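Numbering (this note's numbering), first residue to last: 12 to 296.
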(Lines of atoms letter the chains of each structure in order from A and count residues from 1; the text may use other names and numbers.)
(Lines give C-alpha, C1' and ligand atoms only; values in the text may rest on other atoms or scores of the structure.)
Protein backbone atom coordinates (compact mmCIF):
# COMPACT_ATOMS: atom_id res chain seq x y z
CA UNK A 1 0.00 0.00 0.00
CA UNK A 2 2.80 2.39 0.86
CA UNK A 3 4.54 1.64 -2.43
CA UNK A 4 1.35 2.42 -4.33
CA UNK A 5 0.98 5.78 -2.60
CA UNK A 6 4.57 6.70 -3.41
CA UNK A 7 4.16 5.81 -7.06
CA UNK A 8 0.91 7.82 -7.28
CA UNK A 9 2.51 10.91 -5.77
CA UNK A 10 5.44 10.64 -8.17
CA UNK A 11 3.11 10.42 -11.17
CA UNK A 12 1.15 13.48 -10.03
CA UNK A 13 4.32 15.50 -9.60
CA UNK A 14 5.59 14.50 -13.04
CA UNK A 15 2.25 15.44 -14.63
CA UNK A 16 2.31 18.86 -12.99
CA UNK A 17 5.84 19.53 -14.22
CA UNK A 18 4.92 18.42 -17.75
CA UNK A 19 1.67 20.41 -18.06
CA UNK A 20 2.93 23.67 -16.56
CA UNK A 21 5.02 24.78 -19.61
CA UNK A 22 2.17 23.89 -22.00
CA UNK A 23 -0.29 25.97 -19.99
CA UNK A 24 2.10 28.90 -19.98
CA UNK A 25 2.52 28.73 -23.75
CA UNK A 26 -1.27 28.57 -24.22
CA UNK A 27 -1.72 31.62 -22.00
CA UNK A 28 0.88 33.54 -23.98
CA UNK A 29 -0.74 32.58 -27.29
CA UNK A 30 -4.23 33.72 -26.23
CA UNK A 31 -4.86 37.26 -27.53
CA UNK A 32 -5.93 39.93 -25.11
CA UNK A 33 -9.43 41.37 -25.41
CA UNK A 34 -8.07 44.79 -26.38
CA UNK A 35 -6.05 43.36 -29.28
CA UNK A 36 -9.03 41.36 -30.59
CA UNK A 37 -11.32 44.38 -30.47
CA UNK A 38 -8.86 46.57 -32.31
CA UNK A 39 -8.42 43.93 -35.01
CA UNK A 40 -12.19 43.63 -35.57
CA UNK A 41 -12.62 47.35 -35.79
CA UNK A 42 -9.97 47.72 -38.49
CA UNK A 43 -11.56 45.02 -40.69
CA UNK A 44 -14.92 46.78 -41.03
CA UNK A 45 -15.52 48.31 -44.46
CA UNK A 46 -17.71 51.32 -45.11
CA UNK A 47 -20.56 51.26 -47.62
CA UNK A 48 -19.87 52.73 -51.09
CA UNK A 49 -20.71 56.42 -51.47
CA UNK A 50 -20.27 56.69 -55.23
CA UNK A 51 -21.93 55.25 -58.30
CA UNK A 52 -20.56 54.43 -61.72
CA UNK A 53 -21.53 56.17 -64.94
CA UNK A 54 -21.75 53.01 -67.08
CA UNK A 55 -21.60 49.21 -67.07
CA UNK A 56 -17.81 49.15 -66.98
CA UNK A 57 -17.56 51.53 -64.03
CA UNK A 58 -20.55 50.23 -62.02
CA UNK A 59 -19.91 50.27 -58.27
CA UNK A 60 -19.92 46.79 -56.72
CA UNK A 61 -22.08 46.19 -53.63
CA UNK A 62 -22.81 43.06 -51.61
CA UNK A 63 -26.18 41.50 -50.94
CA UNK A 64 -27.87 43.39 -48.14
CA UNK A 65 -25.37 46.27 -48.28
CA UNK A 66 -26.65 49.81 -48.67
CA UNK A 67 -24.88 52.22 -50.99
CA UNK A 68 -25.46 55.89 -51.64
CA UNK A 69 -24.43 58.50 -54.18
CA UNK A 70 -24.98 62.19 -54.85
CA UNK A 71 -25.39 63.23 -58.48
CA UNK A 72 -27.15 65.67 -60.76
CA UNK A 73 -30.65 65.11 -62.05
CA UNK A 74 -30.36 63.48 -65.45
CA UNK A 75 -27.20 61.48 -64.73
CA UNK A 76 -27.09 57.70 -65.12
CA UNK A 77 -26.05 55.92 -61.93
CA UNK A 78 -24.82 52.31 -62.06
CA UNK A 79 -24.25 49.68 -59.36
CA UNK A 80 -23.66 45.93 -59.62
CA UNK A 81 -24.52 43.13 -57.17
CA UNK A 82 -24.27 39.30 -57.18
CA UNK A 83 -27.09 36.75 -57.49
CA UNK A 84 -26.72 32.96 -57.46
CA UNK A 85 -28.84 30.13 -58.80
CA UNK A 86 -32.09 29.55 -56.94
CA UNK A 87 -32.22 33.11 -55.57
CA UNK A 88 -34.87 35.75 -56.12
CA UNK A 89 -33.17 39.16 -56.08
CA UNK A 90 -34.85 42.42 -55.11
CA UNK A 91 -33.40 45.85 -55.86
CA UNK A 92 -34.56 48.94 -53.99
CA UNK A 93 -33.71 52.58 -54.57
CA UNK A 94 -34.67 55.62 -52.50
CA UNK A 95 -34.24 58.99 -54.20
CA UNK A 96 -34.08 62.23 -52.24
CA UNK A 97 -35.34 64.85 -54.67
CA UNK A 98 -34.05 68.39 -54.99
CA UNK A 99 -35.71 71.11 -52.99
CA UNK A 100 -39.27 71.79 -54.07
CA UNK A 101 -38.56 75.50 -54.43
CA UNK A 102 -35.97 74.77 -57.11
CA UNK A 103 -38.09 72.41 -59.22
CA UNK A 104 -40.41 73.46 -62.01
CA UNK A 105 -42.60 70.40 -62.43
CA UNK A 106 -43.07 66.69 -61.87
CA UNK A 107 -40.38 64.17 -62.76
CA UNK A 108 -40.40 60.45 -63.56
CA UNK A 109 -37.61 58.31 -62.13
CA UNK A 110 -36.85 54.86 -63.44
CA UNK A 111 -34.77 51.92 -62.20
CA UNK A 112 -33.61 49.18 -64.60
CA UNK A 113 -31.89 45.88 -63.82
CA UNK A 114 -29.63 44.06 -66.29
CA UNK A 115 -27.98 40.65 -66.05
CA UNK A 116 -24.35 39.78 -66.74
CA UNK A 117 -25.01 39.76 -70.49
CA UNK A 118 -26.46 43.28 -70.18
CA UNK A 119 -29.93 42.06 -71.01
CA UNK A 120 -32.67 44.06 -69.35
CA UNK A 121 -34.59 41.84 -66.94
CA UNK A 122 -38.29 42.35 -66.42
CA UNK A 123 -39.52 42.90 -62.87
CA UNK A 124 -41.78 40.14 -61.59
CA UNK A 125 -43.14 42.53 -58.95
CA UNK A 126 -42.45 45.97 -57.57
CA UNK A 127 -42.63 49.51 -58.91
CA UNK A 128 -39.50 50.30 -60.94
CA UNK A 129 -40.94 53.55 -62.37
CA UNK A 130 -42.56 56.28 -60.32
CA UNK A 131 -43.54 59.87 -61.00
CA UNK A 132 -42.72 62.43 -58.34
CA UNK A 133 -44.86 65.51 -57.97
CA UNK A 134 -43.55 68.98 -57.24
CA UNK A 135 -44.23 68.58 -53.52
CA UNK A 136 -42.66 65.14 -53.04
CA UNK A 137 -39.39 65.01 -51.16
CA UNK A 138 -38.50 61.32 -51.63
CA UNK A 139 -39.63 58.41 -53.78
CA UNK A 140 -38.89 54.68 -53.50
CA UNK A 141 -38.45 52.32 -56.45
CA UNK A 142 -38.44 48.52 -56.15
CA UNK A 143 -37.91 45.65 -58.56
CA UNK A 144 -38.08 41.93 -57.76
CA UNK A 145 -36.57 39.75 -60.46
CA UNK A 146 -37.56 36.26 -61.51
CA UNK A 147 -35.66 33.41 -59.83
CA UNK A 148 -32.14 32.92 -61.11
CA UNK A 149 -31.70 29.72 -63.14
CA UNK A 150 -28.67 27.45 -63.09
CA UNK A 151 -28.71 27.43 -66.85
CA UNK A 152 -30.94 28.52 -69.75
CA UNK A 153 -31.38 27.99 -73.46
CA UNK A 154 -29.71 30.43 -75.81
CA UNK A 155 -33.01 31.76 -77.08
CA UNK A 156 -34.44 32.40 -73.60
CA UNK A 157 -34.06 35.48 -71.46
CA UNK A 158 -33.94 33.71 -68.09
CA UNK A 159 -31.80 35.27 -65.33
CA UNK A 160 -28.47 33.47 -64.91
CA UNK A 161 -25.94 33.39 -62.02
CA UNK A 162 -23.46 36.22 -61.94
CA UNK A 163 -23.37 39.99 -61.67
CA UNK A 164 -26.47 42.13 -62.06
CA UNK A 165 -26.41 45.82 -62.94
CA UNK A 166 -28.71 48.39 -61.39
CA UNK A 167 -29.27 51.61 -63.30
CA UNK A 168 -31.08 54.63 -61.88
CA UNK A 169 -31.95 57.80 -63.75
CA UNK A 170 -34.70 60.32 -64.35
CA UNK A 171 -36.74 59.41 -67.42
CA UNK A 172 -38.83 62.56 -67.74
CA UNK A 173 -38.36 65.97 -66.12
CA UNK A 174 -38.48 69.64 -67.12
CA UNK A 175 -35.37 70.81 -68.91
CA UNK A 176 -34.89 73.53 -66.32
CA UNK A 177 -34.62 70.90 -63.56
CA UNK A 178 -31.79 69.00 -65.21
CA UNK A 179 -28.60 69.34 -63.22
CA UNK A 180 -30.23 69.84 -59.81
CA UNK A 181 -28.54 67.88 -57.03
CA UNK A 182 -30.25 64.64 -55.94
CA UNK A 183 -29.25 61.83 -53.62
CA UNK A 184 -29.86 58.09 -54.15
CA UNK A 185 -29.65 55.14 -51.75
CA UNK A 186 -29.78 51.61 -53.17
CA UNK A 187 -29.85 48.12 -51.69
CA UNK A 188 -29.99 44.66 -53.26
CA UNK A 189 -31.21 41.62 -51.32
CA UNK A 190 -31.85 37.99 -52.30
CA UNK A 191 -33.86 35.11 -50.87
CA UNK A 192 -34.22 31.46 -51.78
CA UNK A 193 -36.82 30.79 -54.45
CA UNK A 194 -37.34 27.13 -53.48
CA UNK A 195 -36.24 23.75 -54.76
CA UNK A 196 -38.39 23.88 -57.89
CA UNK A 197 -35.78 26.17 -59.47
CA UNK A 198 -32.76 24.00 -58.59
CA UNK A 199 -33.10 21.52 -61.45
CA UNK A 200 -31.40 21.58 -64.81
CA UNK A 201 -27.82 21.98 -65.90
CA UNK A 202 -25.12 24.28 -64.65
CA UNK A 203 -23.05 27.11 -66.07
CA UNK A 204 -19.31 26.69 -66.28
CA UNK A 205 -18.74 30.08 -64.61
CA UNK A 206 -20.88 33.02 -63.41
CA UNK A 207 -21.40 35.87 -65.85
CA UNK A 208 -19.11 38.88 -65.41
CA UNK A 209 -18.70 38.28 -61.69
CA UNK A 210 -15.08 39.36 -61.28
CA UNK A 211 -15.96 42.56 -59.42
CA UNK A 212 -18.71 41.28 -57.11
CA UNK A 213 -18.56 39.06 -54.04
CA UNK A 214 -19.81 35.49 -54.27
CA UNK A 215 -23.14 34.83 -52.46
CA UNK A 216 -23.08 32.87 -49.21
CA UNK A 217 -24.61 29.75 -50.85
CA UNK A 218 -22.32 29.99 -53.88
CA UNK A 219 -23.15 30.74 -57.49
CA UNK A 220 -24.94 27.42 -58.01
CA UNK A 221 -26.90 27.48 -54.74
CA UNK A 222 -26.64 25.23 -51.68
CA UNK A 223 -26.93 21.44 -51.83
CA UNK A 224 -29.99 21.40 -49.55
CA UNK A 225 -33.38 22.64 -50.70
CA UNK A 226 -37.03 22.12 -49.86
CA UNK A 227 -37.04 19.31 -52.42
CA UNK A 228 -35.22 17.14 -49.88
CA UNK A 229 -37.81 17.90 -47.21
CA UNK A 230 -40.74 17.13 -49.51
CA UNK A 231 -39.12 13.91 -50.73
CA UNK A 232 -38.32 12.70 -47.22
CA UNK A 233 -41.76 13.64 -45.92
CA UNK A 234 -43.47 11.90 -48.85
CA UNK A 235 -41.47 8.71 -48.24
CA UNK A 236 -42.36 8.65 -44.55
CA UNK A 237 -46.04 9.31 -45.29
CA UNK A 238 -46.14 6.54 -47.90
CA UNK A 239 -44.62 4.07 -45.44
CA UNK A 240 -47.15 4.97 -42.74
CA UNK A 241 -50.04 4.65 -45.17
CA UNK A 242 -48.76 1.25 -46.29
CA UNK A 243 -48.53 -0.08 -42.75
CA UNK A 244 -51.94 1.34 -41.86
CA UNK A 245 -53.57 -0.11 -44.97
CA UNK A 246 -52.11 -3.55 -44.32
CA UNK A 247 -53.33 -3.46 -40.71
CA UNK A 248 -56.87 -2.52 -41.72
CA UNK A 249 -57.28 -4.94 -44.62
CA UNK A 250 -55.83 -8.21 -43.28
CA UNK A 251 -58.14 -11.00 -41.85
CA UNK A 252 -59.95 -9.93 -38.65
CA UNK A 253 -59.08 -13.19 -36.87
CA UNK A 254 -55.35 -12.48 -37.17
CA UNK A 255 -55.51 -8.67 -36.99
CA UNK A 256 -54.53 -8.41 -33.34
CA UNK A 257 -52.77 -11.78 -33.04
CA UNK A 258 -55.55 -13.37 -30.89
CA UNK A 259 -56.17 -17.13 -30.92
CA UNK A 260 -59.60 -18.41 -32.05
CA UNK A 261 -62.04 -19.65 -29.38
CA UNK A 262 -61.78 -23.22 -28.06
CA UNK A 263 -64.90 -24.39 -29.93
CA UNK A 264 -63.39 -23.35 -33.24
CA UNK A 265 -60.22 -25.37 -32.55
CA UNK A 266 -62.15 -28.74 -32.17
CA UNK A 267 -62.23 -30.92 -35.27
CA UNK A 268 -65.50 -31.05 -37.18
CA UNK A 269 -67.66 -34.19 -37.18
CA UNK A 270 -67.18 -36.31 -40.27
CA UNK A 271 -68.49 -39.52 -41.78
CA UNK A 272 -67.82 -43.08 -40.49
CA UNK A 273 -64.52 -44.45 -41.50
CA UNK A 274 -62.72 -41.10 -41.30
CA UNK A 275 -61.47 -41.64 -37.76
CA UNK A 276 -64.23 -39.65 -36.05
CA UNK A 277 -66.37 -41.17 -33.24
CA UNK A 278 -69.97 -42.00 -34.13
CA UNK A 279 -72.39 -43.68 -31.71
CA UNK A 280 -74.59 -45.01 -34.50
CA UNK A 281 -71.91 -47.30 -35.83
CA UNK A 282 -70.47 -48.42 -32.49
CA UNK A 283 -67.35 -46.48 -32.96
CA UNK A 284 -67.42 -44.94 -29.54
CA UNK A 285 -64.03 -44.78 -27.92
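All C-beta atoms, glycine included, are put in the ideal place defined by N, C-alpha and C. Because the structure is a prediction, the values reported are computed rather than measured.
Beta bridge counterpart(s) of residue i as assigned by DSSP
i: residue 194; result: 81, 107
i: residue 148; result: Bridge partners of residue 148: none, in fact.
i: residue 199; result: 102
i: residue 153; result: 103
Of the residues the options, the one placed nearest residue i, counting alpha carbons only
i: residue 193; options: 100, 84, 154; result: 84
i: residue 73; options: 81, 94, 63; result: 94
i: residue 105; options: 154, 146, 190; result: 154
i: residue 146; options: 113, 217, 138; result: 113
i: residue 59; options: 197, 260, 261; result: 197
i: residue 111; options: 168, 148, 177, 70; result: 148
i: residue 170; options: 66, 62, 216, 132; result: 132
i: residue 109; options: 230, 181, 126, 134; result: 181
i: residue 128; options: 163, 135, 136; result: 163
i: residue 65; options: 81, 86, 76, 75; result: 86
i: residue 82; options: 189, 166, 227; result: 189
Residue i, DSSP secondary structure in three states
i: residue 186; result: helix
i: residue 231; result: coil
i: residue 179; result: strand
i: residue 171; result: coil
i: residue 224; result: coil
i: residue 143; result: strand
i: residue 248; result: helix
i: residue 218; result: strand
i: residue 243; result: helix
i: residue 44; result: Summary for residue 44: the model assigns pLDDT 34, below 50, so the residue's position carries little reliability, and this model does not support an answer.
i: residue 256; result: helix
Query raised in the report: Where in the region 53-136 do unbroken runs of the beta strand (DSSP E), each at least 3 residues long, occur, reported from the N-terminal end onward?
Result: 77-83, 88-94, 98-107, 118-125
Query - Meets three-Cβ-pair contact criterion under 8 Å: the region 115-129 and the region 246-256 - result: no
Query raised in the report: Are the region 153-164 and the region 83-100 in contact at 8 Å, needing three or more beta carbon pairs?
Result: yes
Query - Cβ contact (3+ pairs, closer than 8 Å) linking the region 194-205 and the region 77-92 - result: yes
Query raised in the report: If you pair each beta-carbon of the region 219-234 with each one of the region 130-147, do three or more pairs fall below 8 Å?
Result: no
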